[in-house]
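Below is one structure; the comments refer to it alone.
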Amino acid sequence: MKERQNLLLGSVIIVLISYIFYDSYFREQVNAPQKVITSEKKPTHLEVYTFDIPEDLNFAGEPVPTENPDIRERFDREVHVNTYWHSSTVFMIKRANRWFPIIEPILQKNGIPEDFKYLAVIESSLTNVVSPKKAVGFWQLLGGTAKEWGLEVNNEVDERYHPAKSAEVACKYIKKAYKRLGNWTSAAASYNMGVYGLSKRLKEQKVDSYYDLLLNHETSRYVFRALALKEIMENPEHYGYKIPEEHLYHDIPLKEIVVTRTIPNLVDFSNSLGINYKTLKLYNPWLRKNRLTVRNKRSGYVISVPESVSEELIARFQNKKTGRVSAVARSDEEESLSESPKDLQSLNTRPE
Numbered sequence: 001m002k003e004r005q006n007l008l009l010g011s012v013i014i015v016l017i018s019y020i021f022y023d024s025y026f027r028e029q030v031n032a033p034q035k036v037i038t039s040e041k042k043p044t045h046l047e048v049y050t051f052d053i054p055e056d057l058n059f060a061g062e063p064v065p066t067e068n069p070d071i072r073e074r075f076d077r078e079v080h081v082n083t084y085w086h087s088s089t090v091f092m093i094k095r096a097n098r099w100f101p102i103i104e105p106i107l108q109k110n111g112i113p114e115d116f117k118y119l120a121v122i123e124s125s126l127t128n129v130v131s132p133k134k135a136v137g138f139w140q141l142l143g144g145t146a147k148e149w150g151l152e153v154n155n156e157v158d159e160r161y162h163p164a165k166s167a168e169v170a171c172k173y174i175k176k177a178y179k180r181l182g183n184w185t186s187a188a189a190s191y192n193m194g195v196y197g198l199s200k201r202l203k204e205q206k207v208d209s210y211y212d213l214l215l216n217h218e219t220s221r222y223v224f225r226a227l228a229l230k231e232i233m234e235n236p237e238h239y240g241y242k243i244p245e246e247h248l249y250h251d252i253p254l255k256e257i258v259v260t261r262t263i264p265n266l267v268d269f270s271n272s273l274g275i276n277y278k279t280l281k282l283y284n285p286w287l288r289k290n291r292l293t294v295r296n297k298r299s300g301y302v303i304s305v306p307e308s309v310s311e312e313l314i315a316r317f318q319n320k321k322t323g324r325v326s327a328v329a330r331s332d333e334e335e336s337l338s339e340s341p342k343d344l345q346s347l348n349t350r351p352e
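For reference, each letter of the sequence shown is one residue, going 1 to 352 in the UniProt record's numbering.
Okay, here's the thing in structure tokens:
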């Protein structure tokens with residue numbers, strides 16, 4: 001009996017202690033500062049916006065007939081596709097800050113409207129890519145076409161990877177296309193399907209405007225893609241791209257070395273200048289092997305190296321029998337390539 005009383009008493013004491021502990025804990029929670037919960041709800045999804053069509057849309061000064069619903073919708077599609085393809089478009093904007101100052105003077109020198117720089121954007125995103133058809137570089141030139149228009153293409157040197165020299169070839173093509181087709185818009189479209197192909201479609205369909213043609217899927221979007229990237233890249237903040245100046249890619253100060261003798265080992269050449277092979281290839285992507293054979297000693301090759309490479313190291317290399325070089329200031333304008341002896345038949349091949 002006494003045992004049962006003691007057990008009951010112990011149970012009461014435990015309950016009492018538990019009550020006192022929990023009562024104290026909940027009092028502290030009530031008196032503690034409370035988090036402010038606002039009535040404003042955070043968005044649970046990405047907000048998507050649409051954009052008006054510019055009223056004065058043009059390519060190379062030639063008006064785009066946006067009063068035509070089909071034309072408006074085709075442009076509308078490309079603007080929205082490229083606006084919301086964020087990872088691609090943001091890097092095109094960044095790269096353009098580095099490469100447009102090099103491309104624009106070449107277009108101007110050749111009498112080509114500045115809007116054609118957007119062909120390089122849609123062809124390659126301003127990178128030295130290689131297509132499944134083996135078209136190469138910013139301007140996506142095929143090997144045979146590049147050779148016909150004056151570029152060197154072999155296992156050691158491929159000037160399709162040279163942004164300035166390939167731009168010169170693109171200008172030649174565009175000028176010939178304009179002469180044949182009579183307007184810049186059609187010349188731009190022909191860069192995708194060839195002058196012969198576009199001329200044939202215009203004749204078959206008895207129209208004289210790109211915008212009136214029924215074309216294959218790729219070419220029918222081609223000019224509109226250029227127009228869309230022009231609109232976005234000229235007005236990036238309007239389309240949501242707020243890229244600080246320091247985030248853009250800038251030109252890298254370089255100096256040029258004229259090489260007039262064969263360099264048997266470009267790794268050794270790089271090391272002799274205090275740089276590595278990767279750096280040499282980064283600024284000279286047209287060098288395709290670890291060797292440079294100079295066949296024309298009169299002209300030689302121009303190799304770009306960082307401005308930090310000292311004249312002393314260049315002078316040391318000059319004195320070696322393996323190669324003679326001379327440093328020159330980087331010119332603002334590349335030497336013009338000689339006109340190709342080929343006639344307009346070369347325009348029948350798309351310069352991919």
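Cβ coordinates follow ideal geometry from the N, Cα and C atoms, glycine included.
Where the beta strand (DSSP E) through residue i begins and ends
{"i": "E73", "result": "Counting along the chain, E73 falls outside any beta strand (DSSP E), though it belongs to the alpha helix (DSSP H) covering P69 to T83."}
{"i": "I303", "result": "Y301 to P306"}
Range of the contiguous alpha helix (DSSP H) that encloses residue i
{"i": "S87", "result": "H86 to K109"}
{"i": "L151", "result": "From DSSP, L151 is part of no alpha helix (DSSP H); its letter is neither H nor E."}
{"i": "F269", "result": "L266 to S272"}
{"i": "Y191", "result": "W184 to M193"}
{"i": "Y49", "result": "From DSSP, Y49 is part of no alpha helix (DSSP H); its letter is neither H nor E."}
Close Cβ partners of residue i (< 6 angstroms) along its chain, the five nearest in sequence each way excluded
{"i": "E78", "result": "F224, R225 and A228"}
Buried or exposed (CB count within 10 angstroms, at least 16 for buried), residue i
{"i": "E218", "result": "exposed"}
{"i": "R160", "result": "buried"}
{"i": "Q140", "result": "buried"}
{"i": "D115", "result": "buried"}
{"i": "E47", "result": "exposed"}
{"i": "S39", "result": "With a pLDDT of 48 at S39, under the threshold of 50, the modelled position of that residue is not reliable, and no figure is offered here."}
{"i": "A329", "result": "Because A329 sits at a pLDDT of 42, beneath the cut-off of 50, its placement in the model cannot be relied upon, and the following sentence gives the value as read from the coordinates. Result: exposed."}
{"i": "P163", "result": "buried"}
{"i": "S186", "result": "buried"}
Contact set for residue i: own chain, Cβ-Cβ below 7 angstroms, skip 5 residues either direction
{"i": "I53", "result": "T66, R72, F75 and D76"}
{"i": "L248", "result": "K94 and N97"}
{"i": "N271", "result": "none"}
{"i": "S331", "result": "Because S331 carries a pLDDT of 39, less than 50, the predicted location of this residue cannot be relied on, and no value is offered for it."}
Own chain residues within Cβ distance below 8 angstroms of residue i, not counting five before or after
{"i": "F100", "result": "K117"}
{"i": "V121", "result": "M92, A96, A226, L229 and M233"}
{"i": "V90", "result": "Y241 and I243"}
{"i": "N235", "result": "none"}
{"i": "E152", "result": "D158 and E159"}
Which residues DSSP lists as bridging residue i, in chain order
{"i": "P63", "result": "N58"}
{"i": "V158", "result": "At residue 158 the sequence reads Asp, which differs from the Val that was named. Per DSSP, V153."}
{"i": "L141", "result": "V136"}
{"i": "L292", "result": "I263"}
{"i": "K175", "result": "Bridge partners of K175: none, in fact."}
{"i": "residue 361", "result": "A question about residue 361 goes unanswered here, because the residues of the chain that appear run from 1 up to 352."}
Contact with chain D by residue i, beta-carbon distance below 8 angstroms
{"i": "Y249", "result": "In the structure shown, chain D does not exist; there is a single protein chain."}
Inset, instruction - Please go through the region 196-253 and give each complete alpha helix (DSSP H) segment of 4 or more residues, from N-terminal end onward. - result: Listed in chain order, they are 217-234.
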